[in-house]
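Undergrad: Residue numbers (our numbering), protein chains in the order written: chain A, 1 to 676; chain B, 677 to 1083.
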Amino acid sequence: MDRAFQRAKILTNHLLQSSPSSPAQTPALSSNACLNYSPPELSENYAFDINEMRKLIDGHHVEERDWLFGLIRQSKVFNPRVSGGRVFMSPNYNQSMEQQREMTWKRIVYLQERGVFKGWLTEKEEEVEMRKFACFEVLGIFDHSISIKLGVHFFLWSGAIQFFGTKHHHDKWLRDTENFLIKGCFAMTELGHGSNVRSIETVTTYDSNTGEFVINTPSESAQKYWIGGAAKHATHTIVFSQLNINGTNQGVHAFIAQIRDADGNICPNIRIADCGHKIGLNGVDNGRIWFDNVRVPRENLLNSVADVSPDGKYLSSIKDPDQRFAAFLAPLTAGRVNIAVTAVYQSKVGLAIAIRYALTRRAFSLKPNEPEVLLLDYPSHQRRLLPLLAKTYAMSFAANYLKMLYVKRTPQSSKTIHVVSSSFKATFTWNNMQILQECREACGGQGLKTENRIGQLKGEYDVQSTFEGDNNILMQQVSKALLAEYVAAQKRNKAFQSLGLEHMNKPYPVIPSQLASTTLRCSQFQMDALCLRERDLLNRFVADVSQYQAKGESKAHAFIMSYQLAEDLGRAFSDRAIFQTFVEAEATLASGSLKDVLGKLRSLYALICLEDVAFLRYGCLSVDNAATVRREITKICSELRPHALALVSSFGIPDAFLSPIAFNWIDANSWSSAQH
Amino acid sequence: MTNMSICLVDYEFPAFLLASQLNQVWHIWEDHLCFFISLQVLVEAHSSARILTLNRPKQLNALSFQMISRLLELFFAYEEDPNVKLVILKGKGRAFCAGGDVAAVVRDTRAGANFFLKEYTLNYLMATYIKPQVSILNGIVMGGGAGASLHGRFRVATENSVFAMPETALGLFPDVGASYFLSRLPGFFGEYVGLTGSRLDGAEMLACGLATHFVPSAKLPMLEAALYEVDSSDLVIISSIIDQYCEQPSLKEQSVYNRLDVIDRCFSQKTVEEILSTLEREVVHQMDGWISATIQTLKKASPTSLKISLRSIREGRLQGVGPCLVREYRIVCHVMRGELSKDFFEGCRAILLDKDRNPKWEPSKLELIADSTVDCYFSKVNIEEWEDLKLPTRSKFNLPPYVIAKL
Chain A
1 MDRAFQRAKI LTNHLLQSSP SSPAQTPALS SNACLNYSPP ELSENYAFDI
51 NEMRKLIDGH HVEERDWLFG LIRQSKVFNP RVSGGRVFMS PNYNQSMEQQ
101 REMTWKRIVY LQERGVFKGW LTEKEEEVEM RKFACFEVLG IFDHSISIKL
151 GVHFFLWSGA IQFFGTKHHH DKWLRDTENF LIKGCFAMTE LGHGSNVRSI
201 ETVTTYDSNT GEFVINTPSE SAQKYWIGGA AKHATHTIVF SQLNINGTNQ
251 GVHAFIAQIR DADGNICPNI RIADCGHKIG LNGVDNGRIW FDNVRVPREN
301 LLNSVADVSP DGKYLSSIKD PDQRFAAFLA PLTAGRVNIA VTAVYQSKVG
351 LAIAIRYALT RRAFSLKPNE PEVLLLDYPS HQRRLLPLLA KTYAMSFAAN
401 YLKMLYVKRT PQSSKTIHVV SSSFKATFTW NNMQILQECR EACGGQGLKT
451 ENRIGQLKGE YDVQSTFEGD NNILMQQVSK ALLAEYVAAQ KRNKAFQSLG
501 LEHMNKPYPV IPSQLASTTL RCSQFQMDAL CLRERDLLNR FVADVSQYQA
551 KGESKAHAFI MSYQLAEDLG RAFSDRAIFQ TFVEAEATLA SGSLKDVLGK
601 LRSLYALICL EDVAFLRYGC LSVDNAATVR REITKICSEL RPHALALVSS
651 FGIPDAFLSP IAFNWIDANS WSSAQH
Chain B
677 MTNMSICLVD YEFPAFLLAS QLNQVWHIWE DHLCFFISLQ VLVEAHSSAR
727 ILTLNRPKQL NALSFQMISR LLELFFAYEE DPNVKLVILK GKGRAFCAGG
777 DVAAVVRDTR AGANFFLKEY TLNYLMATYI KPQVSILNGI VMGGGAGASL
827 HGRFRVATEN SVFAMPETAL GLFPDVGASY FLSRLPGFFG EYVGLTGSRL
877 DGAEMLACGL ATHFVPSAKL PMLEAALYEV DSSDLVIISS IIDQYCEQPS
927 LKEQSVYNRL DVIDRCFSQK TVEEILSTLE REVVHQMDGW ISATIQTLKK
977 ASPTSLKISL RSIREGRLQG VGPCLVREYR IVCHVMRGEL SKDFFEGCRA
1027 ILLDKDRNPK WEPSKLELIA DSTVDCYFSK VNIEEWEDLK LPTRSKFNLP
1077 PYVIAKL
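#1: Does HIS233/A pass the burial test, meaning 16 or more other C-beta atoms within 10 Å, or should it be called exposed?
#2: Against chain B, which members of the segment 663-676 of chain A pass a CB distance test of less than 7 Å?
#3: Check each residue of the segment 61-94 of chain A: if its Cβ is closer than 7 Å to any Cβ of chain B, include it; give the result in chain order.
#4: Quick one: residues in its chain with C-beta nearer than 8 Å to the C-beta of ASN79/A, no 5 flanking neighbours on either side, listed in chain order?
#5: From the DSSP output, which residues share a beta bridge with GLU190/A?
#6: Going by DSSP in three states, GLN112/A sits in which element: helix, strand or coil?
#7: Rounded to the nearest angstrom, what separates VAL597/A and ASP320/A at their Cα positions?
#8: Measure how close the beta-carbons of ALA678/A and ILE72/A come, nearest whole angstrom, since I'm counting them as under 8 Å.
#9: Can you name the residues of chain A whose CB is closer than 7 Å to the CB of PRO1077/B?
#10: Of all the residues that make up the segment 1048-1081 of chain B, which are near chain A by a beta-carbon distance shorter than 7 Å?
#11: The segment 33-48 of chain A: which residues have C-beta closer than 8 Å to a C-beta of chain B, in chain order?
#12: Given the structure, does ALA442/A come close to the ligand SAM, in the sense that its CB is under 7 Å from one of the ligand's heavy atoms?
#13: Buried or exposed, going by whether 16 or more other CB atoms sit within 10 Å of the CB of LEU359/A?
#14: Quick check: is the beta carbon of GLY1084/B nearer than 8 Å to any beta carbon in chain A?
#15: Near TRP105/A, what residues of its chain come up, given a Cβ to Cβ distance below 7 Å and the 5 sequence neighbours on each side ignored?
#16: Are three or more beta carbon pairs between the segment 836-855 of chain B and the segment 983-992 of chain B nearer than 8 Å?
#17: I need the DSSP call for GLY184/A, collapsed to helix, strand or coil.
#18: Classify ALA901/B as buried or exposed, calling it buried when 16 or more other Cβ atoms lie within 10 Å of its own Cβ.
#19: So which residues on chain B does GLY115/A lean against when the C-beta distance must stay under 8 Å?
#20: Over what stretch of residues does the beta strand (DSSP E) that includes MET818/B continue unbroken?
#21: Where does the unbroken alpha helix (DSSP H) through TYR856/B begin, and where does it stop?
#22: Between VAL629/A and LEU520/A, which are expected to be in contact by the criterion C-beta below 8 Å, what is the C-beta distance as a whole number of angstroms?
#23: Does ALA822/B pass the burial test, meaning 16 or more other C-beta atoms within 10 Å, or should it be called exposed?
#24: Who are the neighbours of PRO371/A on chain B, taking C-beta pairs under 9 Å?
#25: First and last residue of the alpha helix (DSSP H) that includes VAL308/A?
#26: Mapping DSSP to helix, strand and coil, what is VAL906/B?
#27: Between the C-alpha atoms of GLY965/B and GLN972/B, what's the straight-line distance to the nearest angstrom?
#28: From the DSSP output, read off the bridge partner residues of ALA771/B.
#29: Cβ of LEU616/A within 8 Å of Cβ of ALA606/A?
#30: Grouping DSSP H, G and I as helix and E and B as strand, with all else coil, what is GLY211/A?
#31: Report the residues of the segment 769-800 of chain B with a CB closer than 7 Å to any CB of chain C, ordered along the chain.
#32: From this set, GLY287/A, HIS236/A, HIS277/A, which residue's C-alpha is nearest ASP263/A's C-alpha?
#33: Contact check, VAL542/A vs GLU126/A under 8 Å by CB: the rounded distance?
#34: Per DSSP, GLU720/B forms a beta bridge with which residues?
#35: Assuming ARG86/A is part of the beta strand (DSSP E), what are its boundary residues?
#36: Measure the C-alpha to C-alpha separation of VAL1159/B and ASP1047/B and round it to an integer number of angstroms.
Here it is as structure tokens:
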């Protein structure tokens, strides 16, 4: 009956509209009631304490983070815009590259005046290092450019001085760096050499007559490239260069060189050009530098590893050039940790926006005249977003573990830090891009608008998979390290003791032939399955490499040829290591609603790892069991659906740092809004 | 019934209200209780407008439990009543409302908590009200009075307006949703106003956004008469009517609002201690009476109150109005339980009862208060009869966009 009535109404409307009679006689069409935006907070309940959850996943400095969010929120420099009655904070990406760089710098000055960087270089405590990480996580949520500008200054430039320099360098440079009296950059990469730092071409010689080093760019491919801060603002740089003493190349060393005076004029014998407009990160002034026999005082060699005496003798405490080189890469670790943990927060932004939108946007009715269905009530939409939510929670715990590992570093833990930070950096940044893409699509057309952030974040954060170590190369290093560990354990006939490989000492875990739901949700089973794949792949990788070697291939070549297994192994290591941190975080909780929901997230994370083709490819999972895993995933998704809002609210990202579609998108797009 | 209210303005208590005489008049009141209570909030109807007048002029319209209950009842009823399109709230006498009446609060912890529960529920209802509320702020607007007006859509200030959130001087903290509305003020003005209890006049209220309009008091009768005729809930229409009587007041030369740069520099600091040390540095740079006075005010306030207040405003900046009130209720429950500090009771004694104006705060110094103690104020009271604030459900209404934006 209703249907017939509606049809009649539509027909009437058509007839009335097409009627050629004068408009005055046409009866006004009654406008349809506008779709009603209903805030998800009013209909969704929180089954657990979101503040407690936030404390758990942020892990540290929650109040500090909120203070910084507040500083940004209250400042005009951070470009507040009103939409749908709310204020949103986000850079104006429609500005020119030059304007964006200028704004990034203004924002840094504002934060510096407010004391945000106080003690960052002059206090040396674990607490300060953790505080720094928290601040970068917050700043990265606002904008990647500001985070990178600061990262170059505080992690790379300052890190080089801290790690490679000695006391007189610390005394001379750190305080002025903290106060921005000097602005540092870090010139390592060249046009011809990125990841392969050992082969850079810049060369430095020593002139004992004047007591100066002479830094030179011998060819076009030796120009320093992608140097953040170099194009516009930096006054000083760390220069990585081969050190040639009396015709002997001593390998890569780091020097301090001034590139601009206090007024911003480029120094003599320095040439600087811009890297130009980029697909993102245009608030960072990446530049290229040529050194035309630039002279710097002897003290400007960062000499913690090696020194040159006034009369020109090379002195080093580390005789092995390999080890000497490895020592030079230390500050990159801090940067890599920072990149990994920052990536997690972009996933949080994307998911918070996409899930909030999915809780307010409807599409299609199941029956005529029924209300349309909420996007997140479609199992398929749940299946798209909720596993990514589980992944993001897993990454949060892993990020907290990585930060602690880094700040509590000892000489003994340096190998673990290198392997774990490489693995997590690659995995998190890849995950982040995948998550942002899915979130963008889940927001439909609205996802295309810059103001809705997700699409823009993809461009801004894409670079993360390349800088501070290309992801593929980092993952190869992970596999290489695992192989070395295996070979060492075999040689000494000793048990595995590090990199989480202790499970290799135990008997092979057995996967039941018929997996039940309860088994699939058991953390012991999940751990067994992930260990099984890692172990199996490590065995295969070792066998593959030694097979090539048996045929007379070099170790390096054998490695190149076994790349497929290396890639699978790297992923298996990361998944297992991340999962382990999830289990450990869960174990700290008393039973209750918080633990219950985390248990579901942990199971979901484990099961999506088990969906990796490597399980089927190498027979770790039967075809039947793989199907069972897939079914269980949809079940957990539906169980997590009621917690979706609470889970993204627990991210603790203030509303102003999300976007209009995360809130009243009807009002934000109304005619009256368009008039302002 | 009571002779105390949260307000820092000295005023004459009517003799018959003094506690010693309370019993004598009690039985007379009892007979007329219902009548009396209804008289505390006067109700007038003019076509589709309802005019509610806070009517305890001798107590500067301090909100009693009964007044809050009555307002809640009326607001709930008007929301459902299609004949009501506009609610006007004003005060009788020289105050709009000088605060919440805290006599019952100090005497009985549980009843006190119940008072705040009702009051915050009213604040939430007003903040999320589907019909426009116009508050005529022709006089004192402090504490609970701010909570009963500033959450509404239209706030009309006059040359008689005096606004303040004086709680830190009393051992309390800016509540009634202040962590929401103060934190939305420009820059760090909210922190300044909330921590110092600084008084603002009508021009300043308009400049910072606490008031939406400024109308000279002489024009109020005309404004009210015009509003009686509105017969609409349309914000644009109501706003344009008020606009007709508006004037643009000028800020006094010495207005604190002209000191926003100093306020931003100092009150953006991370902790109360750093706010004070930054203010002290500013004083060294430029001898300035206003900065020294600000330092003195902060030093006289309860150190515990200052720390809780700063944290509450900072958290409020990142939350909707509902979570703000839930948090404030948790804090006020801890304050009432007095286990962490008894400063509120000491403040009431020193300012309202003994009037020696010399409270002995405990802990007496900012440095003596651990962060973990401050944390406790923000945690749930884990005792059965101390429930979290349950906000009235709003999902059944088609909330206007400006309300949705506050959630």
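Glycine included, each C-beta is placed from N, C-alpha and C at the ideal position.
TA: With the given structure in hand:
#1: buried
#2: ASN664, ASP667
#3: ASP66, TRP67, PHE69, GLY70, LEU71, ARG73, GLN74, GLY84, GLY85, ARG86
#4: MET89, SER90, PRO91, ASN92, MET103
#5: LYS224/A
#6: Look at GLN112/A here: in three-state DSSP terms it is helix.
#7: 52 Å
#8: Outside the shown range of chain A (1 to 676) lies residue 678/A, about which nothing can therefore be said.
#9: GLY84, GLY85, ASN664, ASP667
#10: ARG1070, SER1071, ASN1074, PRO1077, TYR1078, ILE1080, ALA1081
#11: ASN36, TYR37, SER38, PRO39, GLU41, LEU42, SER43
#12: Absent from the structure shown: the ligand SAM. Ligands present: none.
#13: buried
#14: Residue 1084/B is absent from the structure shown; chain B starts at 677 and stops at 1083.
#15: HIS233
#16: yes
#17: strand
#18: The residue in question, ALA901/B, is exposed, as its Cβ has fewer than 16 Cβ neighbours within 10 Å.
#19: GLN945, LYS946, GLU950
#20: Where MET818/B is concerned, the enclosing beta strand (DSSP E) stretches over 816-818.
#21: 854-857
#22: 7 Å
#23: buried
#24: Correct list: empty, because the minimum Cβ distance to chain B is about 14 Å.
#25: Element bounds for VAL308/A: not the alpha helix (DSSP H) but the beta strand (DSSP E), 306-308.
#26: coil
#27: 11 Å
#28: ILE816/B
#29: no
#30: In the three-state DSSP reduction, GLY211/A falls in the coil class, being neither helix nor strand.
#31: Chain labels in this structure do not include chain C; the protein chains are A and B.
#32: Cα-wise, what sits closest to ASP263/A is HIS236/A.
#33: At roughly 37 Å, the Cβ-Cβ gap does not stay under 8 Å, so VAL542/A and GLU126/A are not in contact.
#34: GLU720/B has ILE727/B as its beta-bridge partners, per DSSP.
#35: 86-89
#36: The shown model of chain B, from 677 to 1083, leaves out residue 1159/B, and the question about it has no answer.
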